[in-house]
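All remarks here apply to the structure that follows.
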């Protein structure tokens, strides 16, 4: 430091109490008036700073502790600075310096403090700036104080280097104006790219503020701990974004790091339009069971689909024809001499009709199967081959059909084999039917057959035809025969008496008659009768039926002509009665609109209208109307109601009741926290009631989720969207097995994901997810977990935790719905009953405990009385009430004395040995120390 007009500032080194040296500049000329002592710093480079901070640490003596200095002693000193572009050397001119501030001490010391070696350090910080030159000097002016300058620290503030949202931001110096922020654009880290321009703002105090934008990991990289890491071999990532690397699809693999796509195994391919997420596939095997049927005007070729479709669904067939001469090697393409209906190429059905063929000619037809990757394979394509001679004639007709014998359920037939046949007969086909029902077919190798499974005392029509390599003959004349009638035309009560009178092992036979009887009655009813009868059965009214039964769902896919199901289960609406008002959404097949439906003699009602967009093919029209054929069979207040369809004009429309509040998931998100628990339970009860109705009809929804529940203005929830559903067989343990299609992973039971087995039990699992959605006000199940992570987590036993504020009983019901064993899940009948108990007993809707370690596994009990009944202690209900144990929550916190007393009672009465008591449930109802007692016993 340089000194100014006097040499009063002295550089002194002292030792502190730890015997460490302290270097100071001191001045203490307090006896003489008019002091002007200067101390100047070396030249300081400002570097990148525009504003600097000066931190002073000093000691100052109290003037009152110094005798005889009245009027000459001061207790302050002054701080100055001077900007320059370079150092001045030893020259010092006070006039060039600008005053920063007068510095005063908060703490001053006295003579006594000196004796005790107490240094009362003061720390003061002052701002200097803005500074525009390359550097500056600091100067300290003493005007008569006793002061020691211990340290001077000069610094500036900056926002330090940081990583945010996969972008790096450099050191940044803030602006002088404290109200103005510095905008800094970040640079994406390695293997990342901008999704939105990443920005941060540097504040005056050196803090980063207001993060905007982000970077995402590039193709082949995933985010781990703030950086983008390459996908390891066997994994890939096809799109940029903050998603994880995915395991390679079946029949593909990635052999290096950072793969954007998995390469197909040898013999497998991925078509140009296939997404990277799709498994690699291969060409199909050839068609099977190729046969033909020849008559005077046309040739019908039929075949079965290939045994191996290659893993794809875009299966088509090509037919190539060759006309051969007497020698097998002399063949040429038929070219345009034959006409194929619908065509020779790109067939989607396993049949084709050939017209305009020549008589007395030999044709060879080659049928090949193709899919989307057939053109990518270098292997020769396999084909199915059949040769047809147009002069060999068709098979001969059989002789007279004779009835050999008959029983209530069977008829034995025989016939004469044709005397002259050009080709050997392969087998016979027998067609039979009731006069009012569609026919069935029996195949027989011999000229006789026993047709079983018939109805007693019923007339059947039979005819038969032969099949050779040349195809089928025409059917024989029709013959009518009747089964015998032990129970013919019995009234239902008589049938029941018959069933109770026979021996037990024969009782099944009579019950079969009852079931057949009710089915036959149902088949003869109109669709309107079915709906009316079904509605009355479900609402306590009675109608005259031959037997007591409930209707089951009929799968539209079982109809030979799908339009027949539409006509049977839906009502045609005159389009002039429909007024479309506005578009409210888009469906898979076209727009969804709201509008009004006018019915003569009734009040005009609001409806939703699904339309089929123009340019559709017949398959799309059939799939569009399939959902209407399903909905038309349902009549329940918690199932969306079908008003009718428009099929005889364009556009084709499905008209359903209008639900003002839309889908349940979006409705809950819009009204987060607005409903009471009882209101939410009421919504869940309505959904469960609708699902019980569907389950009772043997119907499996397969896509139960909050997005497929609609809500009207009265908060009534109704199940909708029947596009994925299928019929369940009569066996209650049966499940529908599907061979393709997308599965909503987050809502689907494990057995349905792994084995594609759907049942009412898998719908119960989905219902548990819907419960979680409702209680969390539309939150996404499993949050941002990938589908693969969801599957693995469920397999490892993970289940969704209770949403915030969810009652204990409701979360327990969810956990019951998510049992791994589907047979252990509750039936919808049980769920409706359970929710009804909750609604009648609101005190059972307690929130889950929030303290650590207090969460307990409650069984499906609503009240203490229910629980006591289950452990054979009904007689103690009044004792529990008197002791204050009136809720399950209070039982779970039972005192040790009461727990031991209860334990002794159960042991004394041997209840732990009875299968009626579920010990695990009981142990979960009391504190952990009680469980220890049981285990010790």
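In UniProt numbering, the protein residues as written are 1 to 937. C-beta: ideal position from N, C-alpha, C; glycine also. Only a predicted model underlies this, so the values are computations on that prediction, with no experimental measurement involved.
If you ignore the 5 residues before and after residue 716, its C-beta comes within less than 8 Å of the C-beta of 637, 638, 686, all in its own chain and listed in chain order. Excluding residues up to 5 positions away in sequence, 612, 624 lie with their Cβ nearer than 6 Å to the Cβ of residue 589 in the same chain.
Residue 553 and residue 427 have their alpha carbons spaced roughly 36 Å apart. Spatial neighbours of residue 138 in its own chain (CB-CB distance under 6 Å, excluding positions within 5 residues in sequence) are listed in chain order as 41, 81. For residue 141, there is no enclosing alpha helix (DSSP H); the residue is found in the beta strand (DSSP E) stretching over 135-142.
Under DSSP, residue 197 shares a beta bridge with no residue. A distance below 9 Å separates the beta carbons of residue 184 and residue 169.
In this structure, the straight-line span from the alpha carbon of residue 748 to that of residue 800 is close to 14 Å. In this structure, DSSP gives residue 94 a helical state, which the three-state scheme calls helix. Here residue 241 is not near residue 210, since their CB atoms are 9 Å or more apart. Annotation: the stretch 7-88 contains the following complete segments of the beta strand (DSSP E) (minimum length 3 residues), in chain order: 10-15, 21-27, 37-40, 52-60, 76-84. Excluding residues up to 5 positions away in sequence, 578, 594, 595, 596, 597, 643, 655, 656, 657, 658 lie with their Cβ nearer than 8 Å to the Cβ of residue 607 in the same chain. The C-alpha of residue 250 is placed about 35 Å away from the C-alpha of residue 167. Per DSSP, reduced to three states, the secondary structure at residue 153 is strand. No residue range can be given for residue 171, since it is assigned to no beta strand (DSSP E) and is classified by DSSP as neither H nor E.
Residue 181 sits in coil when the DSSP states are folded into three classes, being neither helix nor strand. For residue 595, the enclosing beta strand (DSSP E) covers residues 591-597.
For residue 410, the closest alpha carbon among the candidates 450, 432, 402 is that of 450. Burial is judged here by how many other beta carbons sit within 10 angstroms of a residue's own beta carbon; residue 107 has fewer than 16 and is exposed. Counting only residues of its own chain and dropping the five nearest sequence neighbours on each side, residue 683 has a CB closer than 7 Å to the CB of 715, 717, 774. The beta-carbon distance between residue 465 and residue 448, rounded to whole angstroms, is 15 Å. This is too long to meet the 8 Å contact definition. The alpha-carbon of residue 389 is positioned some 21 Å away from that of residue 287.
Contact check for residue 49 and residue 131: beta-carbon distance about 7 Å, within the 8 Å limit, so the pair qualifies. Taking C-beta separations shorter than 7 Å and ignoring five residues to either side along the sequence, the partners of residue 32 in its chain run 72, following chain order. By the Cβ neighbour-count rule, residue 755 is exposed, with fewer than 16 other Cβ atoms within 10 Å of its own.
Counting other Cβ atoms within 10 Å of its Cβ, residue 882 stays below 16 and is therefore classed as exposed. Under the criterion of beta carbons closer than 8 Å, residue 678 and residue 839 qualify as touching, at roughly 7 Å. Annotation: the continuous beta strand (DSSP E) that includes residue 586 extends over 578-586. In this chain, the alpha helix (DSSP H) harbouring residue 761 covers 760-775. Under the 10 Å beta carbon count, residue 367 is surrounded by 16 or more other beta carbons and is classified as buried. Taking a C-beta distance under 9 Å as the contact criterion, residue 281 and residue 372 qualify as a contact pair. Taken atom to atom, the span from the alpha-carbon of residue 787 to that of residue 463 is near 55 Å.
Nearest Cα to residue 213 within the set 104, 609, 804, 187: 187. Selection 189, 171, 151 evaluated against residue 165 yields 189 as nearest (Cα-Cα). The beta carbon of residue 227 sits closer than 7 Å to those of 189, all from its chain and outside the five residues before and after it, given in chain order. Judged by beta-carbon spacing, residue 429 lies within the 9 Å limit of residue 444, meaning their Cβ atoms are closer than that value.
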